[in-house]
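Have a look at the structure below before the remarks.
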Amino acid sequence: MSTGKAKNITIKNDKGRLSQAEIDRMVNEAEKYADEDEKQRQRITSRNALESYVFNVKQAVDQAPAGKLDEADKNSVLDKCNDTIRWLDSNTTAEKEEFDHKLEELTRHCSPIMTKMHQQGAGAGAGAGGPGANCGQQAGGFGGYSGPTVEEVD
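Residues 1 to 154, numbered by full-length UniProt numbering, are exactly what the sequence shown covers, in order.
So, in structure tokens, the structure goes:
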């Protein structure tokens, strides 16, 4: 019982779509600024590497156990790190090469002191009861809690 009438409906949703000219313009702009974007990415990566190194060195020196590092070396490293942080704060638009130079400069200053600190730590561990003498000690503020007790069950 069909009536034999047919109707075709076409729905087009062009609202909010970009024209081919707009797409071409955007692609050209992306290509045009690709080198600039890459330089910016490298600059930010270098800045982040410098900041990360500064804070890692500061943390290592601040948390070094007594006797691992003498006060003069500790103050020297902390002063250099604080100088670098101040430089970072006042030179937010520095170029990649400047960040790399600062990182190299800081590394040259801190590496010998950090190496000495780690060597003293290795020597102190061996002299205080041989290998594994500090195995039961906790590094954090856990108040002597060494974790759960594990019992072997047959």
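From the three backbone atoms N, C-alpha and C, an ideal C-beta is built for every residue, glycine too. Keep in mind the model is a prediction, meaning the values are calculated, not measured.
Backbone secondary structure at residue i - three-state DSSP
i           : result
residue 153 : coil
residue 18  : coil
residue 11  : coil
residue 69  : coil
residue 63  : coil
residue 34  : helix
residue 26  : helix
residue 49  : helix
residue 91  : coil
residue 84  : helix
residue 115 : helix
residue 3   : coil
residue 139 : Caution is warranted here: a pLDDT of 41 is assigned to residue 139, below 50, making its placement in the model unreliable, and no coordinate value can be reported.
residue 109 : helix
Candidates the options: closest to residue i by CA position
i           : options            : result
residue 105 : 73, 74, 50, 153    : 50
residue 199 : 43, 89, 114        : Only positions 1 to 154 of the chain appear in this structure, which leaves residue 199 out of reach.
residue 47  : 3, 111, 90, 152    : 90
residue 56  : 119, 116, 107, 152 : 107
residue 64  : 152, 116, 4        : 116
residue 97  : 21, 60, 40         : 40
residue 86  : 54, 36, 19         : 54
residue 75  : 110, 94, 8         : 110
residue 102 : 37, 38, 9, 43      : 43
residue 95  : 6, 9, 45, 29       : 45
8 Å contact criterion, which residue i and residue j should meet: CB distance rounded
i          : j          : result
residue 78 : residue 58 : 7 Å
- Given 8 Å as the limit, is there contact between the stretch 64 to 81 and the stretch 3 to 19, that is, 3 or more CB pairs closer than that? Contact check between the stretch 64 to 81 and the stretch 3 to 19: fewer than three CB pairs, one atom from each, fall below 8 Å, which does not count as touching.
- Query: Contact between the stretch 77 to 84 and the stretch 24 to 33: three or more CB pairs below 8 Å?
  - Reply: Short answer: they don't touch.
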